[in-house]
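The structure appears below as structure tokens.
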Amino acid sequence: MTKKMSISTSKTSLVLLLCQIISALDVPLDSKLLEELSQPPTITQQSPKDYIVDPRENIVIQCEAKGKPPPSFSWTRNGTHFDIDKDAQVTMKPNSGTLVINIMNGGKAEAYEGVYQCTARNERGAAISNNIVVRPSRSPLWTKEKLEPNHVREGDSLVLHCRPPVGLPPPIIFWMDNAFQRLPQSERVSQGLNGDLYFSNVQPEDTREDYICYARFNHTQTIQQKQPISVKVFSMDSLNDTIAANLSDTDIFGAKPVTERQPVLLTPTGSTSTKVELRGNVLLLECIAAGLPTPVIRWIKEGGELPANRTFFENFKKTLKIIDVSEADSGNYKCIARNALGSVHHVISVTVKAAPYWITAPRNLVLSPGEDGTLICRANGNPKPSISWLANGVPIAIAPEDPSRKVDGDTIIFSHVQERSSAVYQCNASNEYGYLLANAFVNVLAEPPRILTPANKLYQVIADSPALLDCAYFGSPKPEIEWFKGVKGSILRGNEYVFHDNGTLEIPVAQKNNAGTYTCVARNELGKIQNEVQLEIKDPTMIIKQPEYKVIQRYGQVSFECIIKHDSTLLPTVTWLKDNDELPDDERFLVGKDNLTIMNVTDKDDGTYTCIVNTTLDSVSASAVLTVVARPNPPFDLELTGQLERSIDLSWLPGDENNSPITSFVIEFEDALHEPGVWRYQTEVPGSQTTAQLKLSPYVNYSFRVIAVNRIGRSQPSEPSEQYLTKSASPDENPANVQGIGSEPDNLVITWEPLKGFQSNGPGLQYKVSWRQKDVDDEWTSVIVANVSKYIVSGTPTFVPYEVKVQALNDLGYAPEPSEVIGHSGEDLPMVAPGNVQVHVINSTLAKVHWDPVPLKSVRGHLQGYKVYYWKVQSLSRRSRRHVEKKILTFRGNKTFGMLPGLEPYSSYKLNVRVVNGKGEGPASPDKVFKTPEGVPSSPSFLKITNPTLDSLTLEWGSPTHPNGVLTSYTLKFQPINNTHELGPLVEIRIPANESSLILKNLNYSTRYKFYFNAQTSVGSGSQITEEAVTIMDEAGILRPAVGAGKVQPLYPRIRNVTTAAAETYANISWEYEGPDHANFYVEYGVAGSKEDWKKEIVNGSRSFFVLKGLTPGTAYKVRVGAEGLSGFRSSEDVFETGPAMASRQVDIATQGWFIGLMCAVALLILILLIVCFIRRNKGGKYPVKEKEDAHADPEIQPMKEDDGTFGEYSDAEDHKPLKKGSRTPSDRTVKKEDSDDSLVDYGEGVNGQFNEDGSFIGQYSGKKEKEPAEGNESSEAPSPVNAMNSFV
């Protein structure tokens, strides 16, 4: 049978056929182009060669074709022209060749049986269809016949014949009963390929009267039924009963019982048969055998193997089915039927023939004028088919001649064709089993070039991947294609590009620089055309953080990351899969922007999770495996075997390990007899073991359970095993930890650990307790006690050794003889104190004590050691007594000396020694007195530095808390510290021991000093106390030349700590300088943020301050300080802001004479007020100044003297001495308004400081401190009037 040539009626059919060419000219799949090109007819749809129709319905014989211009149609019937216009029952569909024969309006299908053929024709040729054989289907009735009942003996074979009527097509056969239920089939009962029902052997249950064969005719949708067939099976027992009833006792009677029989073939018959099948069809071979027991069928191919993947067994292996057979499947197939009594076989010789089939079917040929081409028609078959050619439906031998055409067997050769050479050629390949008919046209076209790719088409490609730029074209002759980059670019050549025959330009590895405009040019002898396309290169999508393998415990939380990087112009979508499928619809799965989180993980979450990132251009993915682990499931199915008196075998099945291998099994037992409900450890075995032999104890009612252990933890215990009660026996062991210790001087307490219930080995557990005095020829004294753990022996001598033993026994006997232990009767307090106590003083804090040991008999117990009691009587330096605190040192064992550490130097001590046993301490030895020598003193109790002046400091100190001897002197060491914390020369002064203060003179002004102070005894110097302090600056603001000891020279020149105090139109600039003397300074300033040049002001002399005048109110300024002649070095910049402009400019009253006089008057009033306050305070009253200080306490203010509560001394400005005690300005050089409502700041236009008449700064100044002052004495500030007012107002 030929392959049905059926293609869609759409324009696609024309496209597909036009593309089947073998010349260099190709016709692209472009509908607009195809509509414009001339084309010979092509059959696109036709009815099958063997066309069976339903006689009750209209007959439709299909014939569809395409061509340009559209073809016309004609038909032949039985080889002659079929004139449809003369038959009113026949019509042809519009624009189609399909015939419709009207049967439903009186026509008869049998009248239109015949062989039909369709021809489609236009000006370029004619195509023909296959020969279509039209036959109406037939479903005849069964012929009536009288069916006799089938009487069969049990075990015999039976065949029920169906013999259905011959129909068209053949019917489908099946067997049912009266209830329309299919009859059950098996290896014993089955239906053959011919429709008969075969019984290999009948059984009594096969008896029934409704074996009905049905034939179903699919074309007519009818089912025909055969008359029911009756089968009655006689069993041997019933047959013997019937025979016995009809024969006398002397007759030989009785049918033979059911006998087994070897197999016999029911079909096919004989030992051999033949079978012919066509190539490509399904080969069905059948063997059905009779026999008892029911035979089993087996198939083999002699000399070969049954074809794999194409062989199937049906009908309980009675049918061999091979699909898509070929000539290679020819051969001998043997079926073998076998049962317990023997076998039988049959050989089927199979020959595979073949209807014609294509090797090379002719393909449509599109040529340009003057070109050459060939049509090839090659087919094969068995027997080999013959090939014949037709031109436009006419045998080529009688067709019009064409000088460009030459027939050579299965090939037509065309040379130098012209447009008139266009035609449709038919190739017919036929043999006795069928034929093939194929249409192939030759279409000669002359067309100028056309580019079918849309203009300016945009191609987007991922970098480093191929870029394919289309240039679909058509022309006849075939155009040449060239590519250019850019509008005026040169022709593209070289290995960088691949030029495909269909016009496509390929860039194998596209890079960013390949982006741009590309031009395709197509030309042939009839014309030229070009087209532009655009190429964009995108960055690839990458997963920069891939999900990682995770192991998580059940009910935990896990998160997979999938962080991506992509081209900014592409919109990615992220999809998560589980095991290559969608994520479960479960709210526990939370998909975030770049992660997947699974909450409350369960076992079913185990699997592979894949993150897929898709854009319109690319796709990437990454996967990770999630393994959910948990504690193992409990073991189950515990079984006890091999029960013996002292052992038993336990086996079990392990539960699911939950992805974490089981490392071990723990076996526990319960003693339901002695400790019900208590499970105890028995043993542990490796995780690979599922059995264990367990040791048992007598008189225990055992139950066992097993616990599995993996890396995650322990499983729940298994269900308990069955119980097993062991027999009783005498004890195997005696109590452990037997001891004999007296609790009183006249008794011996014997204790032991009782045996546990399962150790008793039987009922009636008791203990035999025995004892005797050691080293005395005494007999053992024994007593039997109940199941207790203690027995007390009374009336013993004090602390005497005893031999003790405890033996277990029960109703069945004694345990083995126990071992003996040594115990002692009770202890008593020692009777004697240690003698000959001696003390050797090693140094001022350590002494060694010796004593003679106490005789062991006098110890009257276990010697624990000796205790030394010692205490300090008095200090030899202070001669003052204090509360006596005794200290105790214990020396274990029989040691007779010890060290007494931590003694205080230059002190008197007493000590005594006592012996210690288990009962307590014995009497003390007589007190021994000893003295410690002098030591070095502790550090002075305090060091205060007060009254800082320009060149002096006052030091006060307290004597050491622990002089540890007689003080001989104090040592003071000091040295200056510069601003980089570097130390200058060290000066040392020795001070008498009776001094408590010192005025240190001739110091450098405005200099920080570090002091080291300690005390000495005759033994040496004690630990030192350190302190730091700073001398003050001259109130005129000008530094004096450095004189005196301890001046520290700077290591390199620098300017730092630039400070500004700004008013409305001027500002005071101060700084710190380190470097060579007599440096000439200058100040540079300008508006902050401005690009203007710096303004420069020269500083007179080597002062470290300067006043900038003429500034703009409310303006931010930048300032820096430099030094002339020192390589131009300068300070870092500082920024300040002048005060806002005032409505009326105030006069600098600080420079007016009347103001100075007023201030003097105010100072005088303040002095009078101080005197009044002093008098009132002595009388217990309060005064406003005190309240003011309480309300505005400053952490750096010196406290008042404790002895009289008065203020410290005060010196005015002429003394150049600071206040000894009193208020200071805060450390940030500002005067807080709330601290002094009448301060000069209120008259200085907001300047945080004070100025002289020339503008020089007289506020406080100090260098950077190394650390905070210890007593508030290190502030170096000038005693200005403002400070004085802040102190007292």
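In terms of the numbering used here, the sequence shown opens at residue 2 and continues consecutively. Ideal placement from N, C-alpha and C gives every residue a C-beta, glycine not left out. On a predicted model such as this, the values are computed, not experimentally measured, just so you know.
Can you name, in chain order, every residue of its own chain whose Cβ lies under 6 Å from the Cβ of residue i, other than the five neighbours on each side?
| i | result |
| --- | --- |
| Pro384 | Asn432 |
| Ala439 | Ala362, Pro363, Cys428 |
| Leu1166 | none |
| Lys551 | Val559, Leu627 |
| Lys887 | Tyr870, Trp872 |
| Glu821 | Glu804, Lys806 |
| Leu1040 | With a pLDDT of 41 at Leu1040, under the threshold of 50, the modelled position of that residue is not reliable, and no figure is offered here. |
| Glu640 | Ser652 |
Rounded to whole angstroms, what is the Cα-Cα separation between residue i and residue j?
| i | j | result |
| --- | --- | --- |
| Ser648 | Leu697 | 5 Å |
| Glu420 | Leu100 | 33 Å |
| Thr609 | Val499 | 41 Å |
| Gln740 | Val801 | 14 Å |
| Thr727 | Ser783 | 32 Å |
| His162 | Leu148 | 11 Å |
| Cys336 | Ser158 | 19 Å |
| Pro662 | Asp325 | 51 Å |
| Ala631 | Leu597 | 21 Å |
| Ala216 | Glu315 | 21 Å |
| Gly281 | Lys319 | 22 Å |
Mind checking residue i: buried by the 16 CB within 10 Å criterion, or exposed?
| i | result |
| --- | --- |
| Tyr700 | buried |
| Cys1161 | exposed |
| Glu1267 | Per-residue confidence for Glu1267 stands at a pLDDT of 37, beneath the threshold of 50, marking its modelled position as unreliable; no derived number is given. |
| Ile553 | buried |
| Lys529 | exposed |
| Tyr113 | buried |
| Pro357 | buried |
| Lys1011 | buried |
| Met1034 | buried |
| Ile413 | buried |
| Ser998 | exposed |
| Gln40 | buried |
| Lys1 | As displayed, the chain neither begins before 2 nor continues past 1290, which places residue 1 out of reach and without an answer. |
| Gly495 | exposed |
| His1 | This structure gives no information on residue 1, because the portion of the chain shown stretches from 2 to 1290. |
Assuming the contact rule is C-beta atoms closer than 8 Å, residue i and residue j should be a hit. Round their C-beta distance to whole Å, please.
| i | j | result |
| --- | --- | --- |
| Val1100 | Tyr1083 | 6 Å |
| Asp672 | Tyr703 | 7 Å |
| Asn123 | Pro72 | 5 Å |
| Ala473 | Asn503 | 7 Å |
| Leu267 | Ala291 | 5 Å |
| Glu537 | Thr518 | Going by Cβ atoms, the distance from Glu537 to Thr518 rounds to 11 Å, so no, they are not a contact pair. |
| Thr1139 | Gly1115 | 6 Å |
| Asn59 | Ile102 | 6 Å |
Got a sec? Which residues, its chain only, sit under 7 Å from residue i by beta carbon, not counting five neighbours each side?
| i | result |
| --- | --- |
| Val786 | Gln767, Tyr768, Val770, Tyr792 |
| Thr962 | Ser939, Ser942 |
| Arg681 | Glu669, Phe670 |
| Gly899 | Val850, Val869, Leu890, Phe892 |
Only counting the same chain, and skipping five residues up and downstream in sequence, which positions put a Cβ closer than 8 Å to that of residue i?
| i | result |
| --- | --- |
| Asp178 | Leu184, Arg209, Asp211, Tyr212, Ile213 |
| Gly763 | Pro699, Tyr700, Ser729, Ala730, Ser731, Pro732, Asn811, Asp812, Leu813 |
For chain C, is any of its Cβ atoms less than 8 Å away from the one on residue i?
| i | result |
| --- | --- |
| Arg991 | Among the chains of the structure shown, chain C does not appear; only one protein chain is present. |
Measuring only from the beta carbon, is residue i closer than 7 Å to any heavy atom that is part of the ligand ZN?
| i | result |
| --- | --- |
| Ala673 | For the ligand ZN, the structure offers nothing, since it holds no ligand at all. |
| said: At 3 residues or longer, what runs of the beta strand (DSSP E) sit wholly inside the segment 143-216? | reply: 151-154, 159-161, 173-177, 190-192, 198-200
| message | Give the list of continuous beta strand (DSSP E) stretches no shorter than 3 residues that lie fully inside the segment 914-999. | response | Taking 3 residues as the shortest admissible run, the segment 914-999 contains the following complete beta strand (DSSP E) segments, listed from N- to C-terminal end: 929-932, 941-947, 954-961, 968-978, 988-993.
| request: Output the residue ranges of the beta strand (DSSP E) runs that lie fully inside the segment 574-660 and measure 3 residues or longer, sorted by chain position. | output: 574-579, 590-592, 596-599, 608-615, 620-630, 637-642, 648-654
| message | Report the start-end ranges of each beta strand (DSSP E) in the segment 785-857 that is 3 residues or longer and not cut off at the edges. | response | 791-795, 802-811, 822-825, 836-844, 847-853
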